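Numbering (this note's numbering), first residue to last: 164 to 286.
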């Protein structure tokens, strides 16, 4: 039989942290603080814009011909497609985007989950 060598105990004592650990800890907390400040600024600017940035009823409004949801109180370009904004006829309160109206004849029209589906493009 072979004998196993004696186990040498590890020296006890304080272990030195790897170099740069303290610097990385400080850097991590600085990044967390910067992200918290950026998030706070973002929320505050959104709340300020949403509460005071509503268009007045008497203001002249411009909208995109392709994207009627894009409304501005000054002429410019659509942020979605880049087309020039056009003056809203009627202006004021009537220029608010309206909900799409259901087509006539569809009132009370309901479908059940068990109803068969027939594709109009592939009969």
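For glycine and all other residues, C-beta sits at the position ideal for the given N, C-alpha and C.
Since the model is a prediction, treat every value here as computed from it, not as a measurement.
Does the beta-carbon of residue i have 16 or more other beta-carbons within 10 angstroms, so that it is buried, or is it exposed?
{"i": "residue 190", "result": "exposed"}
Among all the DSSP beta bridges, which residues are the ones paired with residue i?
{"i": "residue 225", "result": "235, 250"}
{"i": "residue 240", "result": "247"}
Thinking C-beta only, is residue j closer than 8 Å to residue i?
{"i": "residue 247", "j": "residue 240", "result": "yes"}
{"i": "residue 224", "j": "residue 234", "result": "yes"}
{"i": "residue 244", "j": "residue 230", "result": "yes"}
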